[in-house]
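Okay, so here's the structure we're looking at.
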Amino acid sequence: MHPSQLLLDISTHALLHIEFKKLERHLSTADKNQLLVQFIKPVVKSSRFRAVKKTTKQWLLAGRRPNIDFEAFLGLEHASLVETCATDLHQFVNLIMRVESELKTKVQYSLAKDIDLDARFGDVLICVVDESLNASFDEDGLMTRTTQLLFIGDMARKDLFSDIVEQDAHFQAIVAYEDEQHLRIELLRC
Numbered sequence: 001m002h003p004s005q006l007l008l009d010i011s012t013h014a015l016l017h018i019e020f021k022k023l024e025r026h027l028s029t030a031d032k033n034q035l036l037v038q039f040i041k042p043v044v045k046s047s048r049f050r051a052v053k054k055t056t057k058q059w060l061l062a063g064r065r066p067n068i069d070f071e072a073f074l075g076l077e078h079a080s081l082v083e084t085c086a087t088d089l090h091q092f093v094n095l096i097m098r099v100e101s102e103l104k105t106k107v108q109y110s111l112a113k114d115i116d117l118d119a120r121f122g123d124v125l126i127c128v129v130d131e132s133l134n135a136s137f138d139e140d141g142l143m144t145r146t147t148q149l150l151f152i153g154d155m156a157r158k159d160l161f162s163d164i165v166e167q168d169a170h171f172q173a174i175v176a177y178e179d180e181q182h183l184r185i186e187l188l189r190c
């Protein structure tokens with residue numbers, strides 16, 4: 001695997017790790033820094049990641065500095081790496097993260113028949129409607145077939161959701177269904 005791809009995977013996993021930890025309880029910047037340092041430390045010591053040891057060691061040293069937001073630092077590194085070597089799967093995850101951030105919600109993942117229409121995080125329901133990511137993306141992270149995003153919420157947030165998805169240069173969005181409160185978009189690779 002190319003070193004940039006390894007670094008992208010490490011930073012993605014580290015940021016996901018901290019996101020799951022934040023779901024458990026509120027974390028201060030110092031707590032997040034400590035958790036991220038603990039996550040990256042074994043990577044630096046692992047022979048599997050020898051090709052990226054220098055960079056991950058620099059990350060580790062940065063995370064130990066006082067008065068640094070290591071999560072933000074890794075986020076910037078991640079964004080730079082995404083531009084360098086992102087697969088379709090990484091781009092899809094970034095799109096979902098942008099939607100969650102802009103709409104202050106969490107995106108669900110479900111089959112159409114199993115969607116819980118009452119499980120809203122915030123004022124809207126957004127769901128990736130697919131049997132599994134493995135069905136839409138291959139082992140190299142390339143999109144092999146379309147996937148759908150379902151939005152249920154008010155008109156203003158629906159327009160914002162639509163704008164976010166349509167501004168993404170990596171995927172083409174085709175409206176499969178739309179009314180005042182619902183929008184179902186089919187995403188395919190450009």
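Numbering (UniProt numbering), first residue to last: 1 to 190. All residues carry an ideal CB built from backbone N, CA and C; glycine is no exception.
According to DSSP, residue i sits in a beta bridge with which residue or residues?
i: Cys127; result: Gln108 and Leu150
i: Glu186; result: Gln148 and Ile174
i: Phe121; result: DSSP output for Phe121 lists no bridge partner at all.
i: Met143; result: Phe137
Could you give the distance in angstroms between the alpha-carbon of residue i and the alpha-carbon of residue j?
i: Arg98; j: Ile164; result: 8 Å
i: Thr147; j: Val93; result: 13 Å
i: residue 196; j: Leu103; result: An answer regarding residue 196 cannot be provided, because it is not within the stretch 1 to 190 covered by the chain.
i: Pro66; j: Leu74; result: 15 Å
i: Glu178; j: Asn33; result: 43 Å
i: Leu125; j: Ser47; result: 43 Å
i: Arg64; j: Leu23; result: 23 Å
i: Glu131; j: Asp114; result: 10 Å
i: Thr87; j: Glu139; result: 11 Å
i: Glu19; j: Asp31; result: 12 Å
i: Gln108; j: Ala135; result: 17 Å
In chain order, what residues of the same chain have a beta carbon less than 8 Å from the beta carbon of residue i, not counting five sequence neighbours either side?
i: Leu60; result: Val37, Ile40, Lys41 and Val44
i: Ala62; result: Ile68, Phe70 and Phe73
i: His13; result: Phe39
i: His78; result: Leu8, Ser11, Thr12 and Leu15
So, residue i versus residue j, is the Cβ gap smaller than 7 Å?
i: Glu166; j: Ala173; result: yes
i: Phe137; j: Leu81; result: no
i: Thr84; j: Ser28; result: no
i: Gly153; j: Asp123; result: yes
i: Leu149; j: Ile185; result: yes
i: Leu95; j: Asp168; result: yes
i: Thr144; j: Phe121; result: no
i: Leu15; j: Val52; result: no
i: His17; j: Gln91; result: no
i: Lys54; j: Leu35; result: no
i: Ala112; j: Val129; result: yes
On the premise that residue j lies in contact with residue i, defined as a C-beta separation below 8 Å, what is that separation, rounded to the nearest angstrom?
i: Cys127; j: Ser101; result: Not really, about 17 Å apart at Cβ, beyond 8 Å.
i: Leu183; j: Val175; result: 7 Å
Counting only the same chain and skipping the five closest in sequence on each side, list residues whose C-beta sits under 6 Å from that of residue i.
i: Ile10; result: Val43
i: Phe161; result: Phe151
i: Lys57; result: Val44
i: Ala119; result: none
i: Arg25; result: none
Residue i: beta carbon under 6 Å from a heavy atom of the ligand ZN?
i: His170; result: No copy of the ligand ZN appears in this structure; indeed no ligand is present at all.
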